[in-house]
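Please read the structure below before turning to the comments.
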Amino acid sequence: MDMMYDCWLSAGKDDNFDRAKKYFCSVTAPDGRVVSSAVKELCNTAERLFGISPCVDGDADKGFVLRIDASLGAGAYKTEITDDAVYITGGDGNGVLYGVYRFLILTGGGYPDDRIAVSESPAYAVRMIDHWDNGDGGIERGYAGRSIFFSDYAVTEDMTRITDYARLLSSVGINAVCINNVNVHRNESYFITDRYLDKISALADTFGDYGIKLYLSVNYAAPIEIGGLDTADPLDSGVKSFWADMAKNIYAHIPGFGGFLVKADSENRPGPFTYGRDHADGANMLAEALRPYGGIVIWRCFVYNCHLDWRDRSIDRARAAYDHFKPLDGRFADNVYLQIKNGPMDFQIREAVSPLFSGLDKTNMFAEFQITQEYTGQQKDLCYLVPMWKECLDFNTFRNGKPFVKDRILGAAGVSNIGDSHCWTGAPLAGANLYGFGRLVFDPSLSAGEIAEEWVRASVTSDEKDSELITKMLLSSRDIYESYTSPLGVGWMVVPHYHYGVDIDGYEYSPWGTYHYSDCHGMGVDRTVATGTGYTSQYAPENADMYENIDTCPEELLLFFHHVPYTHMLKSGETLIQHIYDSHFEGADRAAELAHQWETLKGRVPDDYFETVRERFEMQTANAERWRDVVNTYFHRKSGIDDIHNRKVYD
Ligand code: GCW
3 MDMMYDCWLS AGKDDNFDRA KKYFCSVTAP DGRVVSSAVK ELCNTAERLF
53 GISPCVDGDA DKGFVLRIDA SLGAGAYKTE ITDDAVYITG GDGNGVLYGV
103 YRFLILTGGG YPDDRIAVSE SPAYAVRMID HWDNGDGGIE RGYAGRSIFF
153 SDYAVTEDMT RITDYARLLS SVGINAVCIN NVNVHRNESY FITDRYLDKI
203 SALADTFGDY GIKLYLSVNY AAPIEIGGLD TADPLDSGVK SFWADMAKNI
253 YAHIPGFGGF LVKADSENRP GPFTYGRDHA DGANMLAEAL RPYGGIVIWR
303 CFVYNCHLDW RDRSIDRARA AYDHFKPLDG RFADNVYLQI KNGPMDFQIR
353 EAVSPLFSGL DKTNMFAEFQ ITQEYTGQQK DLCYLVPMWK ECLDFNTFRN
403 GKPFVKDRIL GAAGVSNIGD SHCWTGAPLA GANLYGFGRL VFDPSLSAGE
453 IAEEWVRASV TSDEKDSELI TKMLLSSRDI YESYTSPLGV GWMVVPHYHY
503 GVDIDGYEYS PWGTYHYSDC HGMGVDRTVA TGTGYTSQYA PENADMYENI
553 DTCPEELLLF FHHVPYTHML KSGETLIQHI YDSHFEGADR AAELAHQWET
603 LKGRVPDDYF ETVRERFEMQ TANAERWRDV VNTYFHRKSG IDDIHNRKVY
653 D
C-alpha cells in the first residue's frame with residue numbers, strides 16, 4: 003500500500019478492514035464488463051489485505067453478492083450488510099462498481115455499518131472530467147506534473163497508470179472523461195484521425211472497463227487544418243461531410259465514444275463567427291455528425307472578446323456568455339449540451355454565479371468547475387473547493403419550475419487537477435478536490451463537510467482527532483485563501499498569464515477585461531444598470547434587484563458588483579479599507595496557522611506524506627505574506643488612509 007499513490011483507495015492504511023475480512027471469502031456476480039472490474043477490485047483487495055483469493059462462483063449467499071436490478075436506474079446502487087454477506091445491487095454495471103467502491107472507501111474510512119449500507123442514485127447522467135492535456139505531454143494549467151496520456155505527441159501504451167486512474171475516477175462515480183485540452187492545436191487536431199485513433203481506442207477500452215466514456219476536444223477549424231478544405235463554415239456541405247466522415251471513422255475505432263468538447267470563438271480559437279454564423283449553427287452541425295452513433299456535442303460558453311479596450315468602462319467581459327448564448331436559447335439540437343463555467347469571469351476564488359444558468363430554459367446545460375487550482379493556489383496553497391461549487395449548484399435563479407442551478411443542469415464537468423505526480427495531484431491534500439468533485443456531482447445534497455471528512459478518513463487517517471483536524475483545515479481553506487488574495491469578489495490581481503501570486507495591476511491596463519478600477523477614492527466594478535455596465539439585468543428580478551442595490555448586495559460580492567469608496571461602511575461596522583487591512587493580516591496569520599496545525603501531525607501520517615504536505619504549507623505561508631504586504635501597501639498608497647490598528651503596512 004502506498005497512501006500517496008492509492009489516494010482514497012488506500013484500504014488497509016488503518017485496521018478498519020479487519021471486521022470485514024469474513025466477507026472476502028467469496029464473490030458472487032453476474033457477467034458483464036464493468037461488473038467484472040468490480041469483482042477484480044474485490045479480489046485484489048482480498049489478496050492485498052489478507053493474502054486470500056476469494057472464490058468467485060455463480061450463486062453463493064455469503065461474502066460479496068453483486069446483483070443487477072435495472073429498476074434502480076443507471077449508476078444507482080443499494081448496499082445491504084448481514085452477518086454473512088454484503089449485498090450490492092446496481093441499476094447497471096456502473097451501479098455495481100460504484101457500490102463496491104463505496105463499500106471499500108467507507109470501510110477503509112472506519113465508518114459504521116449503517117453508514118456503509120447506503121443506497122444512492124446519481125443526480126446527473128453525465129459526470130465528467132476534462133483534461134487540458136496537450137500532445138507534447140504538457141498540461142495547460144496543470145500543477146501535478148506531465149500528462150498521463152501523452153508525451154512527445156504519442157499516446158501512452160502503458161495502461162497501468164490509466165487503469166489506476168480509471169479506478170480512482172469510477173470510485174467516485176465519474177463516467178466521462180475528455181482526454182485533451184480544449185485548446186486544440188495543430189498536432190492534436192489529428193487525434194480524430196487514423197494517425198491516433200488506434201492508440202486512443204486502447205485508452206477508451208481501459209476507461210470503458212470502468213464505465214467511463216471517452217470524449218475528445220476538437221479543433222473547429224479541422225476541416226481546413228487537416229481536411230484540406232478552404233472553409234469551416236458550418237453550413238457548407240463539404241464541411242458537413244468532413245465531420246460526418248470523421249464521426250464514422252471514430253466510431254469504427256471506438257464504438258462507445260462519447261462525443262466532442264468544443265471551445266470555439268474564444269481566446270483566439272476558431273469558430274463559426276468567422277463565417278458570419280452563430281454558435282447554434284456550429285454546434286448543431288457537429289451534433290448532426292455524431293447523431294447516428296448516439297454521440298453528443300459539449301459546447302463551451304466561455305466565449306468573450308479578449309481584445310478589449312481598458313479605457314472603455316462601459317464594456318464588461320462578465321456579460322459575454324449571456325449576451326452570446328441567451329438569444330440562441332431553443333435553437334440547439336437535443337444532443338448539444340452547453341457547458342457553462344460556474345462564474346461569468348473565469349474560475350476566480352469568488353465571483354457571482356453565471357446568469358446564463360438562469361437565462362437558458364430550452365437548452366441542455368452542463369456546469370463547468372475548475373478542479374485544477376489555476377487561480378486558487380495552484381496546488382501549493384490549500385484550497386478545498388467543494389464549498390464554492392456548492393454555492394453555484396445551490397444558487398436560486400428564481401426561474402419558474404426548476405429554480406436551483408443543480409436542478410437546471412443535466413451534467414457537470416470538472417477540469418482535472420491530476421498529472422503524473424506520484425500522488426496524482428501534486429499536493430496530496432488537493433486530492434480532496436478531485437474526490438469532492440465526483441461525490442458532489444453524484445449527489446449535490448451532500449455537504450462540503452461530509453465529503454471532506456469521507457476523503458480524509460479514506461485517504462489520510464481515520465483517527466478521530468487527526469481526521470477532525472484535517473477536515474477542519476480543509477473546510478477553512480477557501481475562506482483563508484480568499485482573505486489574503488483579492489478582496490470582496492473583485493478577483494484577478496494575479497501575476498498575468500501565470501496566475502499565481504500577487505500583481506495588483508498586472509491585468510489592469512490589459513485587453514483581457516479583468517479590472518478592479520482602483521483609484522484614490524475607491525475600487526470595484528460598477529455592474530449596475532443605474533450607473534454601470536448593466537450586467538445585473540442578466541439575472542431574474544429577485545437577484546438583479548439584490549445585486550443592483552449596494553445595501554442588499556451580498557458583501558462578499560460587493561466589489562464584483564459595485565465601485566465602492568474606501569470609506570464605505572460595511573455591515574461589520576468597519577470601512578472597506580479597514581476590511582482590506584484586517585482580512586489580509588488575518589488571512590496571512592491563518593495561513594501560517596494551517597502550517598502549524600499540520601506540524602502537529604508529524605509522526606501521525608507517513609513521513610513522505612507529511613513532508614510533501616509540509617513543503618506546500620511553507621510555500622503558502624510565504625505567498626500569503628506577500629499578498630498581505632503588497633495588497634495593504636497598494637491600497638494604503640492609493641487611499642492615504644491608515645490602518646486603525648497601526649500594524650505594519652509598508653510605505
Ligand atoms: O481559465 C482560463 C485559462 C486558460 C483556459 C481557458 C478556458 C484552456 O487561463 O488556460 O484555456 O480559461 O477555459 O478555455
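Position in the sequence shown counted from 1, then plus 2, gives you my numbering. Beta carbons: idealized from backbone N, C-alpha and C, even for Gly. All of these numbers come straight from a predicted model, not from anything done at the bench.
(request) For the beta strand (DSSP E) containing ILE202, list its first residue and its last residue. (result) Here ILE202 belongs to no beta strand (DSSP E); instead the alpha helix (DSSP H) covers 196-211.
(message) Given a cut-off of 8 Å on the beta-carbon distance, is the pair MET287 and LYS242 in contact?
(response) yes
(request) Could you work out which residue in SER485, VAL497 and PRO567 is closest to ASP521 when comparing CA atoms only? (result) PRO567
(message) What ranges does the beta strand (DSSP E) occupy inside the stretch 557-641, keeping only unbroken runs of at least 3 residues that lie completely in it?
(response) none
(request) Could you spell out where the beta strand (DSSP E) holding ILE298 opens and where it closes? (result) 298-302
(request) Pull up the DSSP beta-bridge partners for GLN341, would you. (result) ARG302 and PHE368
(request) Indicate, with yes or no, if the ligand GCW has a heavy atom lying under 7 Å from the CB of PHE152. (result) no
(message) If you measure between the beta carbons of TYR611 and PRO389, is that distance less than 8 Å?
(response) no
(request) Give a single yes or no on whether ASP348 has its beta carbon closer than 7 Å to a heavy atom of the ligand GCW. (result) yes
(message) On the DSSP letters alone, give me the boundaries of the alpha helix (DSSP H) that SER73 sits inside.
(response) Run containing SER73: none; DSSP gives neither H nor E here.
(message) Does the distance between the C-beta of GLU376 and the nearest non-hydrogen atom of the ligand GCW fall short of 7 Å?
(response) yes
(message) Ignoring anything shorter than 4 residues, give me the alpha helix (DSSP H) runs that lie fully in the stretch 121-178, in order along the chain.
(response) 161-173
(message) When you measure from the CB of VAL184 to every non-hydrogen atom of the ligand GCW, does any distance come out below 7 Å?
(response) yes
(message) Once DSSP output is grouped into helix, strand and coil, what is the label at TYR541?
(response) coil
(message) When you compare the CB positions of ALA320 and GLY260, do they come within less than 8 Å of one another, or not?
(response) no
(request) Note the first and the last residue of the continuous beta strand (DSSP E) segment covering THR30. (result) 28-30
(request) Return the CA-CA distance between CYS9 and ILE579, expressed in angstroms with no decimal places. (result) 43 Å
(message) DSSP three-state label for ASP409, please.
(response) helix
(request) Using the Cα positions of THR195 and ARG188, report the straight-line distance between them to the nearest angstrom. (result) 13 Å
(request) For HIS581, count neighbouring Cβ atoms within 10 angstroms of its own Cβ and tell me buried if that reaches 16, exposed if not. (result) buried
(request) Please confirm whether ASP1 and ASP363 have their CB atoms less than 8 Å apart. (result) Shown here, the chain extends from 3 to 653; a query on residue 1 therefore has no answer.
(request) For ALA78, write down the residues that DSSP places opposite it in a beta bridge. (result) Its beta-bridge partners do not exist; DSSP assigns none.
(request) From the DSSP output, in three-state form, read off VAL492 for me. (result) coil
(message) Residues in the same chain with beta-carbon distance under 8 Å from ARG293, minus the five sequence neighbours each way, listed in chain order, please.
(response) ALA335 and ASN337
(request) Determine, using beta carbons only, whether GLU370 and CYS308 come nearer to each other than 8 Å. (result) no
(message) Given this structure, state the Cα-to-Cα distance separating LYS650 from LEU490, to the nearest angstrom.
(response) 22 Å
(request) Whole angstroms is fine: what's the gap from SER172's alpha carbon to MET525's? (result) 45 Å
(message) Taking 7 Å as the cut-off, is the C-beta of LYS265 nearer than that to any heavy atom in the ligand GCW?
(response) yes
(request) Compare the Cα-Cα distances from GLY278 to each of ILE317, ASP238, LYS392 and LEU340 and report the closest residue. (result) ASP238
(request) Along the beta strand (DSSP E) that carries ALA450, what are the first and last residues, could you check? (result) No beta strand (DSSP E) holds ALA450; the alpha helix (DSSP H) holding it covers 450-461.
(request) Give a yes or no on whether the C-beta atoms belonging to SER39 and TYR212 are separated by under 8 Å. (result) yes
(request) From the DSSP output, read off the bridge partner residues of ASP59. (result) THR30
(request) Alpha carbon to alpha carbon, how far is PHE209 from ILE256? Give it in angstroms, no decimals. (result) 12 Å
(message) To the nearest angstrom, how far is the alpha carbon of HIS638 from that of LYS265?
(response) 41 Å
(request) Drop a sphere of 10 angstroms on the beta-carbon of PRO329, count the other beta-carbons inside from all chains shown, and report buried for 16 or more, exposed for fewer. (result) exposed
(request) Work out the CA separation of VAL527 and GLN540 for me, nearest whole Å. (result) 16 Å
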